[in-house]
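Protein chains in written order, with our numbering: chain G, -5 to 251; chain B, -5 to 251. For every residue, glycine included, the Cβ atom is placed at its ideal position computed from N, Cα and C. Reading through the C-alpha cells given below for one structure.
There are 2 protein chains.
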Amino acid sequence: MCRRSNDVMRTLIDELVLKVSNAGSETNLADAMAYVTRQLDFDHFALSYQHHGLSSTETDFLLHDYPAPWAQTYVEFDLAGNDPIRRACERSMMGFLWCELDDLVPMSPGDRRMLSVGRANGIGDGYTVPRHLPGYASGSCTFALRPDRVMPRPMLPVAEIVGAFALTTARRLAGESPIIARPVLSPRQRECVLWSARGKTAADIATILSIGEDTVIQHLRTARERYDVHSRNALILCALFDGLISFADIRRWWYFH
Amino acid sequence: MCRRSNDVMRTLIDELVLKVSNAGSETNLADAMAYVTRQLDFDHFALSYQHHGLSSTETDFLLHDYPAPWAQTYVEFDLAGNDPIRRACERSMMGFLWCELDDLVPMSPGDRRMLSVGRANGIGDGYTVPRHLPGYASGSCTFALRPDRVMPRPMLPVAEIVGAFALTTARRLAGESPIIARPVLSPRQRECVLWSARGKTAADIATILSIGEDTVIQHLRTARERYDVHSRNALILCALFDGLISFADIRRWWYFH
DNA sequence: CCTGGCATCCCAAGAAGGGGGGATGTCCGG
DNA sequence: CCGGACATCCCCCCTTCTTGGGATGCCAGG
Chain G
-5 MCRRSNDVMR TLIDELVLKV SNAGSETNLA DAMAYVTRQL DFDHFALSYQ
45 HHGLSSTETD FLLHDYPAPW AQTYVEFDLA GNDPIRRACE RSMMGFLWCE
95 LDDLVPMSPG DRRMLSVGRA NGIGDGYTVP RHLPGYASGS CTFALRPDRV
145 MPRPMLPVAE IVGAFALTTA RRLAGESPII ARPVLSPRQR ECVLWSARGK
195 TAADIATILS IGEDTVIQHL RTARERYDVH SRNALILCAL FDGLISFADI
245 RRWWYFH
Chain B
-5 MCRRSNDVMR TLIDELVLKV SNAGSETNLA DAMAYVTRQL DFDHFALSYQ
45 HHGLSSTETD FLLHDYPAPW AQTYVEFDLA GNDPIRRACE RSMMGFLWCE
95 LDDLVPMSPG DRRMLSVGRA NGIGDGYTVP RHLPGYASGS CTFALRPDRV
145 MPRPMLPVAE IVGAFALTTA RRLAGESPII ARPVLSPRQR ECVLWSARGK
195 TAADIATILS IGEDTVIQHL RTARERYDVH SRNALILCAL FDGLISFADI
245 RRWWYFH
C-alpha cells in the first residue's frame, strides 16, 4: 500500500514538475503555473525571483495571476517595502502559511491591514515557498486562495516541491549564471566590520585590536570600497548578507557584554 | 483516487515530519533521522547546520551515521573544503542527486576521486537537501545509499520535505530562538529605520517622507530608545533580526535608485 | 483627560566619510 | 632578482552626519 500510494503521488508530482520544468519562456511558465495552481486546488499564484547583482532590473522576474486591482494597489503604495510575507521569506527554510505568519515575524497593525486589503481584493490565505542562494539569488513561489476558500493542506507538500522547481525554471529563464564577484575582505577588515556591527566605534575597535584608530578607519574604508558602498551601515549589511558575519556573532556578544 | 493517495501520502509525510519536529535534543533528532532514513529506504543520513560568520565552531551542528572510516577520512583530509556536494549546495534551490552533480557544479578529477573514495567506504549515491537563510545560517540534509543500492526515487519528494523539517529542528536545537516579546515601533519609526537601512541619511529620509529632518532624527531616536541601543547600526540590525525589515526590502532599493 | 504618535525646532559633541600622504612586510610571477 | 599587488599599519586635513540633550505643539483613541 505504501508503495502504491507513492507511485500515485509520484505521478501527480512528476506531471506538475514536468510541466513547470519544461517551460521555455515566461509565458509558458505562467501557463504551467496556472495549471499547477488549479491542480493543487489553489486560485492564484505568484512567482518572484531576483538575482543578487548590480543589474537587478533586467533580471528581476515576476509572474502572477493576481487580480489586477490588487497588483496595482501593491505597486502603487509600495507595499513591497512593508510586506510581512517578504520578511517571513527570509526567516523560514520551507514554505509557510500566511495564517501562521505570526510565528515567523512580528505583525504590525499595518501588516494586518495590508492582508485585509488583500482579502478585499480577492486574496485570502496563501502558502509561500521561499528559497535563497546566498550571493546568487532569492525567490519565492506563492499559491493563494480566494477569501472564501479552504486551504488544501494535503497539497502543501506538493506545492513545496513544485514551487521549488518553478523557482529553478524561473532562474533558468532569468538568465544563466550571473557571475557575481563576491568581494573578499582580509581577516583584519572582517574583524573591523564585525566589531563595527557589534556597535563599536573606530576608536573602540582600535583599542580592542590594539592598533591605531586611523588604521581601523583605513580597513573599514577599504572594505567599503570592495563592496562599493559608501556607508558603514551598508557595509555591515553586505557582510551580513554574504555570510561574512552573522547575527549569531553579533547577538551572542551583545548578550555577554 | 487522487484524494485518497494524497491522504495516504500525508500520513507518511506527517509521521516523519512529526518525528523530526518533536526531537528535543541532538540524540532525539539523530534517532528520528535514523528512523526516517530507514522509512525512505536509504542507508545513511547526514544533517549539517552552520551559523554564518566567524565564530561558527561552537554552534556548528553535525549529525550523521556514516561509516566511521569515511567520516574519519573526510575530516582528516579536510575534504569538506573541496567537497563538490558542498559547492552544489550553494547552487541549488532544491535537493539534488549526487549522480547529477555535473549539472550543478564543474567536477574536477579530484572531486570524482573523492566520490570514489566515498564508494570504497560504503557511501554510494545520495540525495542532498540544501537550505540557506541569508544572515542566519546554512544547512543541508543528506540521505545516502550503499554502493550496491538503488535510488528510491519515489521517496525523494518526501526526503525533500522531511529534510527541510529536520533542518528547521536543527536550527531550533542550535539555539535560534523564536521571536520573543519585542519593542514595537510605530509605522513612521519603522519607515525611518527602513530608509536608514537602505543607506539614506536623516536629511534624505526627510525629503523622501516629506517631513523635517529633525523629525526623522526624533523618530530614529525614539526607535533606538525602544530597542535600548545607542547607534543606528545596532538599530538596523535589531530591526532586521526581529523581522521588522528584510534584506529584500533593502537590496531591492540599492542599485535601483 | 491623558497617553502616544507625529511633527517641528534648537544646540553641542563626537563619530563617520572622503581626500590626501606615508611606512612596513609578504607573496607571486615575470 | 625585481616589481607589482596587497595586507597591515600610521598620520594629516576637512566636511557631513549622528547622537544626546533640551523644548513645543497638534491630534486621535482609550
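- Taking one beta carbon from each stretch, the segment 128 to 137 of chain B and the segment 233 to 247 of chain G have 3 or more pairs nearer than 8 Å; the two touch.
- Taking C-beta atoms as the reference points, B/A17 and B/T216 fail to come closer than 7 Å.
- In this structure, the CA atom of G/A158 is about 17 Å from the CA atom of B/R147.
- A Cβ of chain B is located within less than 7 Å of the beta carbon of G/S225.
- Membership of G/S132 in the beta strand (DSSP E) is indicated by the continuous run A131 to A138.
- Pairing G/G118 with G/R85 gives a Cβ-Cβ distance that is not under 7 Å.
- In the structure shown, the three-state DSSP call for G/V123 is strand.
- The C-beta distance from G/G120 to G/N76 rounds to 17 Å, too long to meet the 8 Å contact threshold.
- If you check each beta-carbon in the segment 93 to 116 of chain G against every beta-carbon of chain B, the ones closer than 9 Å belong to D96, D97, L98, V99, P100, S102, P103 and G104.
- The three-state reading of DSSP puts G/L34 in coil, since its state is none of H, G, I, E or B.
- Between B/A233 and B/V178, the C-beta spacing is not below 7 Å.
- Taking the Cβ atoms as the reference, B/L23 lies roughly 7 Å from B/L167, within the contact range of under 8 Å.
- For G/W247, same chain residues with a beta-carbon under 6 Å away, outside a window of 5 residues either side, are R192 in chain order.
- In the three-state reduction of the DSSP assignment, B/L91 falls in the strand class, which pools E and B.
- For B/F235, the chain G residues whose Cβ falls inside 9 Å of its Cβ are F241, I244 and R245, in order along the chain.
- Contact annotation: G/R125 and G/L161 have beta-carbon atoms nearer than 7 Å.
- Residue range E207 to Y221 is occupied by the alpha helix (DSSP H) that includes B/H213.
- Within chain G, no C-beta atom comes less than 7 Å from the C-beta of B/I202; the nearest is roughly 11 Å away.
- Counting every other CB atom within 10 Å of its CB across the protein chains shown gives G/G206 a total below 16, marking it as exposed.
- Assignment of G/S42 by DSSP, reduced to helix, strand and coil, places it in the strand class.
- Secondary structure note for B/L238: it is in no alpha helix (DSSP H), with a DSSP letter that is neither H nor E.
- Contacts with chain G at 7 Å (Cβ-Cβ) do not include B/I211.
- With a cut-off of 8 Å on Cβ pairs, the segment 36 to 46 of chain B is in contact with the segment 55 to 62 of chain B, counting three or more such pairs.
- Residue G/G169 holds the alpha-carbon nearest to the alpha-carbon of G/S19 among G/P63, G/T67 and G/G169.
- B/L167: member of the alpha helix (DSSP H) spanning L150 to L167, first to last residue.
- Around B/A153, the same chain offers L34, G89, Y121, V123 and F137 as residues with beta carbons nearer than 7 Å, after the five sequence neighbours per side are excluded.
- G/V30 and G/R176 have their alpha carbons spaced roughly 36 Å apart.
- B/L56 sits in a strand when the DSSP states are folded into three classes.
- For the options B/I202, B/S180 and B/M101, the alpha carbon positioned closest to that of B/R81 is the one of B/M101.
- Taking 8 Å as the upper bound for CB-CB distance, B/N115 and B/W64 are in contact here, some 4 Å apart.
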